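Novice: Following this message is one structure expressed as structure tokens.
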Amino acid sequence: MAAIDMKNIVKQYGDGFPAVNDVSIDVADGEFMILVGPSGCGKSTLLRMIVGLEDITSGDMMIGDRRVNDLAPRDRNLAMVFQNYALYPHLTVYENIAFPLRLAGMANNEIDEKVRGASKTLELDEHLERKPSNLSGGQRQRVAMGRAIVRDADAFLFDEPLSNLDAKLRGQMRTEIARLQKRLGITTVYVTHDQTEAMTLGDRVAVLKRGILQQLATPRELYTQPVNLFVAGFIGSPPMNFLPATVEGDQLSLPFGTVTLPPGRADRAQGKGLLIAGIRPEHFEDASVAADAQEGSTFRATVDVVEWLGNEAYAYIPFEAPPEVQDQLNQLEKDLDGESMRTQLVVSLDGASTIAEGDEANIWVDARHIHLFDPATGESLTVERPAGADATGGDTAVSQGTPDGDTTVREGE
Amino acid sequence: MKSKMGIGHWIGFVLIMVWCLLPVAWIISLSLKPEAEVSAGSPQFLPKDATFANYKKIFDDSDFTRALINSFGIAIIATVLSVLLATIAAYAIARLEFKGKKIVLSIALAIAMFPVVALVGPLFDMWRTFHLFNTWPGLIIPYMSFTLPLAIWTLSAFFREIPWEMEQAAQVDGATSWQAFRKVIVPLAAPGVFTAAILTFFFAWNEFVLAISLTSTTDSRTVPAQMSYFVGPDPFNPPFSLLATASVIVTIPVLIIVLLFQRKIVAGLTSGAVKG
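So the protein lines, in turn, are chains A and B. The first sequence begins at 94 in my numbering and counts up one residue at a time. The second sequence begins at 14 in my numbering and counts up one residue at a time.
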């Protein structure tokens, strides 16, 4: 086991395009690190540079205290699970798992012991003599993991391992991977485009956009203190709402009305003119069912569509955005692999709410969780960079965030 | 599904079998007839007096056995070398990006389409100068150059089907490039390798034009060429029964190989080789 330290890693392709640009990430020994971002953000390239399948243009890749930039994959002692599993179709499950051990020239009885151990851990015992083509997706996934854990590798690397599974299995395997990693306590780097996997699995998460590291933090910090528009929009499901806003003193004017911000929240936003306010859907509530409406404001708006899910409901409220904000939001959607849609507010309401489509409703907004972003740079004006741990802010987010975290899981699948 | 085959299917099946196998049966029948029976005007289909005399006679003929050895030697060496080279070349073509890849492939195809007869004259002159005339290499080299293109095309198609990740997984698992190639890629491409081997072997085994033009003695003459030297005492009455016997003998290895390799090919195709 070893720490992986990436120092100013750059990957430039032949045409000069930097797929990974000056990324530094330190993965501590035994840590579960997630690389997440939309497609084309360089997360897979970065993983392949760690394992040695991709050359590093510049920077230092340290595993333990060795600089591995110029080592072949087989000399790096890392185990990798590929997106399509890359099982060897001509070998049985047993031989697939034994493959790395046979290459290492291990004795037969030792191989047998290790393979049986791994198959027991992954509950593959009854499939050992079968060929991969006769296995289900989840079983193949487990064989691929077996091939990884059977070696005493320094670290595990996962390249979108769950993206080929159906939703139910994905949830199960996710828990399985988390459990396995905790038990083996092995350094793990996990690539995904799915923010749910990122939030649920990672000790820390590195959010990448077009080859540039946006934020490296714990899932909780990413959720409560996103440093820019991209991270704010990427983490959370349904995504954060972005509204045009202006600040005067502690008064924040939104398209629906004015909200009084908690003291200090708007300090850095003074005199900036037009801003983008970010509010997560779960920080709104139907004013009639909001229990703790002490901090925040209430406004009236006409609800366009309501999606009732039982434990909660999503209400959609369209609004008009000025062009400069609209441009920034369209760009953000593009970065997030989405479509530019009409500007609308998504509001998560309690399941007990009786607001119906077409109603003009009283909506309460929690002013403590409003983020402000500079529309020109996309940088957050409410979070210090580098993001410091804000104890009180974090605690508030726990009570608010946990039930919504569950929502996120279900929504992501 | 076989139980569902209607009477029409069976009639069609039998017709095709008769159409294909009648000549074979005729040759076998001829090979079992004594010489007198063959030359006696219009012979009946089945031998009246079946005998293995022809087989004994032909195996006693040292020219024929020598030609048989030549045929085997040349065909096997040409096949092994051709498949070996084609595997490596096809792998490079499938995996590497290099300048002139398209040119290599189109030239290979052009060679495969080149008429063999057009090369006989130049090759004859060249081989005499290089002292390759009437030697094994003198036949092996042109056989390889005619079968390599097809083998390369077949194999590179197979290699392209194998996902890159297979190899990368092997390398991460601790394999050298060569080990990854040998333990993962080649087994997966086995059906392709066998196909290429069969095609090459058949070409070398059956080839006549080069075999007769580039040889002069039984030092290197192969069976198809040697058979044209089967002349009896009477020029108007060639030894048909001996020719038929030789044909039967030459066909047997081909049959065996097809049966053996065919099973391999089917096994390879059904193992789900390319389904990751």
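Note that beta-carbon positions come from the ideal geometry of N, C-alpha and C, so glycine has one too. These numbers come from a predicted model, not from an experiment.
(1) For a contact meaning CB atoms closer than 9 Å, what does B/ILE136 contact in chain A?
(2) Cutting at 7 Å between CB atoms, please list the residues of its own chain near A/ASP443, excluding the five before and the five after it.
(3) Sort B/ALA217, B/LYS46 and B/LYS70 by Cα distance to B/LEU59 and report the nearest one.
(4) What is the DSSP secondary structure of A/GLN105, counted as helix, strand or coil?
(5) Hey, how far is the Cα of A/VAL208 from the Cα of A/VAL174?
(6) At 4 residues or longer, what runs of the alpha helix (DSSP H) sit wholly inside the stretch 237-278 of chain A?
(7) Below 8 Å, can you find three or more Cβ-Cβ pairs linking the stretch 229-247 of chain B to the stretch 92-103 of chain B?
(8) Let me make sure I understand the geometry here. Which of A/PRO111, A/GLY471, A/ALA449 and A/VAL129 has the alpha-carbon closest to that of A/PHE251?
(9) Can you tell me which of A/ASP247, A/GLY350, A/PHE192 and A/ALA260 puts its alpha carbon nearest to the alpha carbon of B/VAL197?
(10) Among residues of its own chain, excluding the 5 on either side of A/ALA241, which ones have a beta-carbon nearer than 8 Å to its beta-carbon?
(11) Which chain B residues sit within Cβ distance under 8 Å of A/VAL236?
(12) Mind checking the stretch 191-205 of chain B against chain A and listing, in chain order, the residues whose C-beta falls within less than 7 Å of any C-beta there?
(13) Taking C-alpha atoms, which residue in A/ARG393, A/ALA408 and A/ALA394 lies nearest to A/GLU400?
(14) Can you list the residues of chain A that B/THR189 reaches, using a CB-CB cut of under 7 Å?
(15) What does the alpha-carbon distance come out to for the pair B/GLN275 and B/VAL261?
(16) Which residue comes first and which comes last in the beta strand (DSSP E) that contains A/GLY342?
(17) Determine the direct distance from the alpha carbon of B/ALA193 to that of B/ALA183, and round the result to whole angstroms.
(18) Cutting at 6 Å between CB atoms, please list the residues of its own chain near B/PHE221, excluding the five before and the five after it.
(19) What span of residues does the beta strand (DSSP E) with B/THR100 cover, start to end?
(20) Could you pull out every residue in the same chain whose Cβ sits closer than 7 Å to the Cβ of A/GLY231, ignoring the five residues on either side in sequence?
(21) What's the gap between the Cα of B/LEU255 and the Cα of B/VAL244?
(22) Residues in its own chain within less than 8 Å of B/PHE77 by CB, not counting five upstream and five downstream?
(23) Please list, in chain order, the chain B residues whose beta carbon lies closer than 7 Å to that of A/PRO193.
(24) Measure the CB-CB distance between B/VAL267 and B/PHE215 and report whether it falls below 8 Å.
(25) Identify which residue in A/SER330, A/LEU184 and A/LEU180 has its Cα closest to the Cα of A/ARG235.
(26) With H, G and I counted as helix, E and B as strand and the rest as coil, what does DSSP make of A/GLY403?
(27) Measure the CB-CB distance between B/SER44 and B/ALA257 and report whether it falls below 8 Å.
(28) Quick one: measure Cβ to Cβ for A/PRO468 and A/GLU413, integer angstroms, because I've assumed they're closer than 8 Å.
(29) Determine the direct distance from the alpha carbon of A/LEU422 to that of A/ASP435, and round the result to whole angstroms.
(30) Any idea what DSSP makes of A/ASN455, helix, strand or coil?
(31) Using the beta-carbon of each residue, which ones in chain B are nearer than 9 Å to A/ARG240?
(32) For B/THR160, I'd like the list of residues in its chain whose CB is within less than 6 Å of its CB, leaving aside the five on either flank, ordered along the chain.
(33) Just to confirm my understanding: we take B/LYS61, look at its own chain, exclude 5 residues before and 5 after, and list those with CB closer than 7 Å. What are they?
(34) For chain B, check one thing: does any of its Cβ atoms lie closer than 8 Å to the Cβ of A/PRO182?
(35) I want to see whether chain B comes within less than 8 Å of A/VAL161, judged by CB atoms only; does it?
(36) Beta-carbon within less than 6 Å of B/ILE165's beta-carbon, same chain only, minus the 5 sequence neighbours each way: which residues are those?
Specialist: In this structure, then:
(1) Residue 136 of chain B is actually Leu in this sequence, not Ile. Within 9 Å Cβ-Cβ: nothing; B/LEU136 doesn't reach chain A, min ~41 Å.
(2) GLU378, ASP379, VAL382 and GLU405
(3) B/LYS46
(4) strand
(5) 17 Å
(6) 260-277
(7) no
(8) A/VAL129
(9) A/PHE192
(10) ALA172, MET173, VAL174 and PHE249
(11) Under the 8 Å cutoff, chain B gives no residues; its nearest Cβ is about 12 Å from A/VAL236.
(12) GLN192, VAL197, PRO200 and LEU201
(13) A/ALA408
(14) ARG167
(15) 21 Å
(16) Note, A/GLY342: premise wrong, no beta strand (DSSP E); not H, not E.
(17) 6 Å
(18) PRO237
(19) Taken as a continuous stretch (DSSP letters only), B/THR100 belongs to no beta strand (DSSP E), being part of the alpha helix (DSSP H) at 75-108.
(20) LEU258, LEU262 and MET266
(21) 10 Å
(22) ILE71, VAL236, GLN239 and ALA259
(23) ASP186 and GLY187
(24) yes
(25) A/LEU180
(26) coil
(27) yes
(28) 16 Å between Cβ atoms; not a contact.
(29) In the sequence on display, residue 435 of chain A carries Arg and not Asp. Whole-angstrom Cα-Cα distance: 10 Å.
(30) strand
(31) ALA182 and ASP186
(32) SER95, THR213 and PHE216
(33) GLU50
(34) yes
(35) no
(36) ALA99, ALA102, ALA103 and ALA121
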